[in-house]
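In this note's numbering, the protein residues as written are -3 to 105.
If you want it as structure tokens, here you go:
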């Protein structure tokens, strides 16, 4: 089933991928929520790494996609991130910062 959202514009992670990973039912509510969480997670990570990046520039990066999945999962279970981002997500963001630290503003799409 093709996603009816644009979550894949933010990463290569589909809503169905996340529903499967979290063993959630494929309902309209879960699809909408997970689509929003994927988009939010991708934007949070991109802005934490380098504001000059666009999603299209990092969406094939495996660490970026794992960070998006991890943050979307954390947000699913704790919408307010009451304990902050997990250390694993922070580690992935630090790695991405090192990889994309010198990304110039003129390469932004």
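Yeah, the Cβ is synthetic: ideal placement off N, Cα and C, and Gly gets one too.
At least 8 Å separates the beta-carbon of residue 96 from that of residue 39. Of the residues 74, 85, 36, the one whose Cα lies closest to the Cα of residue 62 is 85. The three-state reading of DSSP puts residue 23 in coil, since its state is none of H, G, I, E or B. Secondary structure of residue 98 (DSSP, three-state): coil.
By the Cβ criterion, the segment 68 to 79 is not in contact with the segment 88 to 95, since fewer than three pairs of Cβ atoms, one from each stretch, lie closer than 8 Å. Collapsing the DSSP output to three states places residue 81 in coil. Annotation: residue 56 is outside any alpha helix (DSSP H) and is labelled neither H nor E by DSSP. Nearest C-alpha to residue 12 among 53, 46, 65: 65. Residue 18 carries a coil assignment under DSSP once its states are collapsed to helix, strand and coil.
With 16 or more other Cβ atoms inside 10 Å of its own Cβ, residue 27 counts as buried.
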